[in-house]
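Sequence order for the protein chains is A and B. Using numbering that gives the first Met the number 0, the letters of the first sequence map in sequence onto residues 0 to 633. Using numbering that gives the first Met the number 0, the letters of the second sequence map in sequence onto residues 0 to 633. Where a beta carbon is used, it is the ideal one built from N, C-alpha and C, also for glycine. The next block holds one structure in the form of structure tokens; read it before the comments.
2 protein chains.
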Amino acid sequence: MSSFKITFMPDNVVADASSGETIIDVANRANLHINASCGGAGVCGRCRVVLAGGEVESEPGVYLSSEEYGQGVRLACLSYVVGNATINIPPESRADATVYATAQAEEETSVETLDPMAKDIEVELTAPSAADNLGDYDRLMASLTTAHGLENPEMELAALLEMPEALRDGDFSAWVTLFEDPTRPGRKVIGIRSAKAPKQVYALAVDIGTTTVWGRLVNLETGESRHSHGDLNGQISFGEDVISRIVFAAKGDGLARLKDKVIANINNLIDLMEKDVPGCRESLALVVTAGNTTMSHLLTGLNPKSIRLSPYVPAAADWPVLKAADLGIKVKGSVPLLIYPSVSSYVGGDIVAGVLASGLYQRPELTLFIDVGTNGEIVVGNQDWMTCAACSAGPAFEGGGVKFGMRAAPGAIDQFYFDPVTRTHRLTTIGEEKAIGICGSGLINIVAELFMAGVLDPQGKYVKEKAPELIRDDEDGQEYVLCPAAETGIDRDIVLTEIDVDNLIRAKGAMYSGYQTLLESVGLTMGDLEKVIIGGGFGKSLNLRNAITIGLLPELPVEKFSYIGNSSLTGATLAALSGSLWQKAGEIKANMTNFELSETPGYMDYYMASQFLPHTRSDLFPETMAARAKGAGK
Amino acid sequence: MSSFKITFMPDNVVADASSGETIIDVANRANLHINASCGGAGVCGRCRVVLAGGEVESEPGVYLSSEEYGQGVRLACLSYVVGNATINIPPESRADATVYATAQAEEETSVETLDPMAKDIEVELTAPSAADNLGDYDRLMASLTTAHGLENPEMELAALLEMPEALRDGDFSAWVTLFEDPTRPGRKVIGIRSAKAPKQVYALAVDIGTTTVWGRLVNLETGESRHSHGDLNGQISFGEDVISRIVFAAKGDGLARLKDKVIANINNLIDLMEKDVPGCRESLALVVTAGNTTMSHLLTGLNPKSIRLSPYVPAAADWPVLKAADLGIKVKGSVPLLIYPSVSSYVGGDIVAGVLASGLYQRPELTLFIDVGTNGEIVVGNQDWMTCAACSAGPAFEGGGVKFGMRAAPGAIDQFYFDPVTRTHRLTTIGEEKAIGICGSGLINIVAELFMAGVLDPQGKYVKEKAPELIRDDEDGQEYVLCPAAETGIDRDIVLTEIDVDNLIRAKGAMYSGYQTLLESVGLTMGDLEKVIIGGGFGKSLNLRNAITIGLLPELPVEKFSYIGNSSLTGATLAALSGSLWQKAGEIKANMTNFELSETPGYMDYYMASQFLPHTRSDLFPETMAARAKGAGK
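Here it is, written out as structure tokens:
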């Protein structure tokens, strides 16, 4: 078989390929994950790519119009390598890992200047003698003052204890790790290593999500990421959302237990990183965390109870510089811990980190930044101003309040496509296990498909004649059978009820009316938006078209949207790499105007008007309505 | 019985007394302890006091000449209350606790301005509301910045964690405990308490001696001492002197074990203080320690091995500000720990603290400050300059290198008096137990008495005919029987050999030649000394006249001498009470010129000349020699 080069855009990744391989397989091998809900059977239409150059041999498949085919659109699973080619992967076809990899790539390139708060300097001392018998510490301090211009730096115990050996091993030359908080005068000596040892300083960036905790190890000398890893937040067994965690924290030793869980998460991350990068634990000089306001409280053991008591103030929105070891994180006692500042009780450090990662704060374009979740956060602004709000969308996006709802975990129905011809559907589950429920992104996909096919009407009610075999009455209206009991892993029919759909409509409406309210507060409308950035963990699995279809995202040209994956982790990484970006994060927090939507005039009206698929005002979703008219009429 | 007032000078303590009571009992009741080695039998002559006014009824006793009696000298144990009286207690009659109490009294009065590094300020915040929903931390920081002029203070985790409750309990008014290191910009918030709680801030001053660890609790609001307590340094079982500790630290987990012991000492002190002053542990805001260079290393867990390896530099002479809890001291995690700076490997923080306590650094008089011990430290100077040296006196002062030598502990012979008429002696032991050995001060007292009686000649050899019943031959010369086996607690004759005496002569000679060398280095002689201050733990039990007699102290008028008791603890207390005095301590360390005696020309000559009782040059001890000529001729 001949070998060809397939170039994937926009990542500009070139992969070797043999003739006859599918494009989706080549992309997978190159670590570019394309949505392929049907596992490559050519029937879900989720793996649309655009042939931008060269050639592939393709079957059109049922989901491509001849017009689209003419424009170069192909299904990656039905396209075979026949020569060199350039393939464009549009955002809506990217699966989790793709988006995540993109976020990583963005992060690698977005630090223009590597100016970490922790860094090594080389110090060369005169060795002591009978005539010059200064103590080691005194000698080092004298050199730092005179030769390095540091006025009376503080020194941490851990550094003090490693000083004598380090100095002698290096013949009185040493790497001195300094920490500088750009918001305060003075520096701290946090580590001392022999000059014979490699110059090696790492930082750990952590995104503490309510559901998952992600960590990334970064080399502060080179700026490169060495390891990243995610895991379910260990607090999950004590409650799935922040409110239930706050309630749990108030009981007995609940606060300590929650704190212990997240600290265990972080220690586990470091254990894994140490395996991958031996010695990184000892070389760790900085930890930066980003999380929502409640997660940051629980990390430090600070009781978050005031967050849910009027007037809903957190114990801390901004945070002092702490020591990671003081919280139980198993690193050297001197390692500083920076916690991303929150804007308010419900717009947390993860959002500030996300805004930093998104670049919103430094661009002229009017940008909407959103993080979809039980607590959805919205930022509208540009380089000149920023407003933000949290909207209590309810748990539908995380599978809550939905009869068969569940978190995005193996067995969750995530992809769904309805065939209007056969009036049946196909679906896939996470991990390709037997279905046991519906995750948030699955819910959006199902409702969008059913709505586009006319199976759901704009009020979220089922139109029985559109799928007579699958729609049946239940006690509160009708329900749609997604999976008969025999095919599930739970021995029950998995259905989607009209109440479930209502809950989703309420959730997406809360988000959409939030965008409208924030825009209105500055005299703008949806049409003024120049960019929409989707951050946060949930965003990774969001299908762009379907999210627009249900009215969760505004109907705007696709090119205005971008996913930035785990923007909280990216923001934490950026701060780890750059003291000036950390300062910038503080400015973002300080400059962001927080709106309490429930107290903002107009929000309730917007909210009421949003309780439709996609919206009461169909003029806001003209293309969606037109496409539906075409599809639903089939 | 009538009641009278007895006034004790120089303490100016007035005690009620009944007629017929002995002066020594009245003094004891007033917590002024007068030496009374013989337990008040009127035979040791150690309880000399001076009747300065009023009257007492006295028996002259065998130790007072009629001339002395005419000058008002009385034995306190043989003087009975008959009316009001004023009694002067000379320094040589003060026993341990007296000197200690004096040191305490001095310390109480010597802080002219109470300006502790840790203090409470009252902060009044606006309570949060829907319109003003700053987080607690943000709110507090804003107030500290705007209302209290503190620029971006750091906050310790412990303070952060107590903040929300404290603010709410106090209706958003709170005591905020701030720590300010006078040598660095910025302040740290180390504690937050409800404004409804009492304003209460304590500090712990600790003297870490090689043999004993003393602590004192001081109230930083009032400056008063609340509790002081001493205990044997738990490291003692791993070696009695610093060198053996350094050796032990180098073996296996020796360093950690030594550290644990001294930390346990400090924790025990705090436990005792907490019983005495409930709540003091939680209100502790500062720990200041003073110890010799090795003790400071062991406190922090820093290996002191370089101290005894050429070129004899410590790992740290100066110290960074550490956290007490980081070392295992059971106080709040935020409590700063300040360690007194050393001058060199052998002139430690205890000496810098002692110099601060002595006031030497701020007076015009040429002053000799000494701390007698295995490692004897000497400071000569005044407000304009200071020189110091350590001299390796050997362990004789601590009972080492002496056949029956022991530490000052129950059963140690401490007081001794020789009756030239009967050619017998009387002696007392610590705790009035059966004799088991001879402590350092006992050794000095015995040698001085025997020398003055002519039983020892200036070369330190016994003159058999002066005490024929008690002097006998041994394998290396002669020995003096202090206690026959039947009267001891060890079933052996306790003797003092000529080798023991030689060791003491070497030890005192090392000290004396040190004074001479330091004085010579600045072109002065012993006669120029205007003041001699005896600090340190051993000084407390030193008999002034006997110390002069053997040539340990220079022969100068008694009024030039003063004891300041545990000067290291006093210095630590002063620093706890005053940031400017702590800064002064740093200046003392920086301005003190350290002499390595072994490398200083002339020292060996002075040393050789000192190997006599009291000295080869009898012109340096004219009165001693004259008195001896009179006594030894009896």
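| What three-state label does DSSP hand Q637 (chain B) in the structure shown? | Residue 637 (chain B) cannot be examined here, being either before or after the span of chain B that is shown, 0 to 633.
| request: Measure the C-alpha to C-alpha separation of E107 (chain A) and A356 (chain A) and round it to an integer number of angstroms. | output: Per-residue confidence for E107 (chain A) stands at a pLDDT of 46, beneath the threshold of 50, marking its modelled position as unreliable; the derived number appears in the next sentence. Each residue's alpha carbon lies about 11 angstroms from the other.
| Cβ pair I549 (chain B), I443 (chain B) closer than 8 angstroms | Cβ atoms of I549 (chain B) and I443 (chain B): closer than 8 angstroms.
| Leaving out five residues before and five after G82 (chain B) in sequence, what residues of the same chain have Cβ atoms less than 7 angstroms from its Cβ? | Cβ within range, chain order: F3, G53 and E54.
| With a CB to CB cut of under 7 angstroms and the five nearest residues on each side skipped, what residues in its chain are close to S305 (chain B)? | In the same chain as S305 (chain B), and ignoring 5 residues on each side of it, the C-beta atoms closer than 7 angstroms to its own belong to V312, P313 and A314, in chain order.
| said: Counting C-beta neighbours from all protein chains within 10 Å, is the total for K274 (chain A) 16 or more, i.e. buried, or is it exposed? | reply: For K274 (chain A), the number of other beta carbons within 10 angstroms of its own is below 16, and it is reported as exposed.
| query | Checking contacts by CB at 8 angstroms: is L231 (chain A) closer than that to chain B? | reply | No Cβ of chain B is located within less than 8 angstroms of the beta carbon of L231 (chain A).
| query | Near G459 (chain A), what residues of its chain come up, given a Cβ to Cβ distance below 7 angstroms and the 5 sequence neighbours on each side ignored? | reply | Within the same chain, G459 (chain A) has close Cβ partners E497, V500, D501, I504 and L612.
| field | Option nearest N302 (chain B) by Cα separation, candidates A:T487, A:A157, A:V80 and A:V378 | value | When only C-alpha atoms are compared, the closest one is A:A157.
| query | What residue from B:E554, B:D252, B:R307 and B:L268 has the CA that sits closest to V330 (chain B)'s CA? | reply | Restricting attention to B:E554, B:D252, B:R307 and B:L268, the CA atom closest to the CA of V330 (chain B) is found in B:L268.
| query | In or out: K250 (chain B) buried (at least 16 other Cβ within 10 Å) or exposed? | reply | Within a 10 Å sphere around the beta-carbon of K250 (chain B) sit fewer than 16 other beta-carbons, which makes this residue exposed.
| Just curious, the alpha helix (DSSP H) that F537 (chain B) is in, first and last residue? | From DSSP, the alpha helix (DSSP H) with F537 (chain B) extends over G535 to G538.
| task | Give every residue of the same chain whose Cβ lies closer than 7 angstroms to the Cβ of V98 (chain A), excluding the five residues on either side of it in the sequence, and list them in chain order. | result | Unreliable placement is indicated for V98 (chain A), whose pLDDT of 31 sits below 50; the coordinate value is still reported in the next sentence. Excluding sequence neighbours, V98 (chain A) sits near K539, Y562 and G564.
| field | Cα-Cα separation between N27 (chain B) and M8 (chain B), rounded to whole angstroms | value | Going from the Cα of N27 (chain B) to the Cα of M8 (chain B) covers about 14 angstroms.
| task | Find out if the Cβ-Cβ distance for the pair A51 (chain A), T85 (chain A) is shorter than 8 angstroms. | result | Pairing A51 (chain A) with T85 (chain A) gives a Cβ-Cβ distance under 8 angstroms.
| Separation of D180 (chain A) from S172 (chain B), as counted between CA atoms | Taking the Cα positions, S172 (chain B) is about 29 angstroms away from D180 (chain A).
| query | If you measure from the beta carbon of A352 (chain A) to each beta carbon in chain B, is any gap under 8 angstroms? | reply | Not an interface residue.
| Between which two residues does the beta strand (DSSP E) containing M8 (chain B) stretch? | For M8 (chain B), the uninterrupted beta strand (DSSP E) segment begins and ends at S2 to M8.
| message | Just to confirm, is the Cβ distance from E121 (chain B) to A194 (chain B) under 8 angstroms? | response | In contact: E121 (chain B) and A194 (chain B) (Cβ atoms closer than 8 angstroms).
| query | Which chain B residues sit within Cβ distance under 9 angstroms of S172 (chain A)? | reply | What S172 (chain A) touches in chain B, judged by beta-carbon distance under 9 angstroms, is nothing: the nearest beta carbon there is about 17 angstroms away.
| request: Please confirm if P163 (chain B) has its CB atom under 8 angstroms from at least one CB of chain A. | output: True, the Cβ-Cβ gap to chain A drops below 8 angstroms.
| field | Own chain residues within Cβ distance below 7 angstroms of R264 (chain B), not counting five before or after | value | With the sequence shown as reference, residue 264 (chain B) is identified as Asn, and Arg is not the correct amino acid for it. Answer for N264 (chain B): V212, D230, N232 and G233, listed in chain order.
| query | With C-beta atoms as the reference, is M405 (chain B) less than 8 angstroms away from G372 (chain B)? | reply | No. Outside cutoff.
| said: If you reduce the DSSP assignment to three classes, tell me which class C279 (chain A) lands in. | reply: Helix at C279 (chain A).
| Just how far apart, CA to CA, sit N87 (chain B) and S341 (chain B)? | Taking C-alpha positions only, N87 (chain B) is separated from S341 (chain B) by approximately 37 angstroms.
| query | If contact means a Cβ-Cβ distance below 9 angstroms, which residues of the stretch 302-321 of chain A contact chain B? | reply | The residues in question are N302, K304, S305, S309, P310, Y311, V312, P313, A314, A315, A316, D317, W318, P319, V320 and L321.
| field | Three-way DSSP call (helix, strand, coil) for Q414 (chain B) in this model | value | In this structure, Q414 (chain B) counts as strand in the three-state DSSP scheme.
| request: Check the C-beta distance from A575 (chain B) over to P277 (chain B) and give it rounded, since I have them as a contact under 8 angstroms. | output: The Cβ separation is near 20 angstroms, so there is no contact.
| C-alpha gap between N590 (chain B) and N132 (chain A), whole angstroms | So the alpha carbons of these two residues sit roughly 15 angstroms apart.
| message | Rounded to whole angstroms, what is the Cα-Cα separation between T210 (chain B) and V531 (chain B)? | response | About 24 angstroms.
| request: Using a Cβ cut-off of 7 angstroms, pull out every chain A residue sitting near S128 (chain B), in sequence order please. | output: Correct list: P310.
| task | Return helix, strand or coil for Y479 (chain A), following the three-state DSSP convention. | result | When secondary structure is reduced to three states using DSSP, Y479 (chain A) falls in the strand class.
| Runs of beta strand (DSSP E) wholly within the stretch 254-329 of chain B (minimum 3 residues, chain order) | The qualifying runs are 283-290.
| request: Figure out for me which residue from A:P319, A:L143 and A:T125 has the closest Cα to the Cα of D135 (chain B). | output: D135 (chain B) has its Cα closest to that of A:P319, out of A:P319, A:L143 and A:T125.
| said: Quick check on P394 (chain A): does DSSP put it in helix, strand or coil? | reply: Three-state DSSP puts P394 (chain A) in a helix.
| message | I'd like to know whether the C-beta of L183 (chain B) is nearer than 8 angstroms to at least one C-beta of chain A. | response | Sequence check: residue 183 (chain B) is Arg here, not Leu. Any Cβ of chain A closer than 8 angstroms to the Cβ of R183 (chain B) would place that residue at the interface, and such an atom is present.
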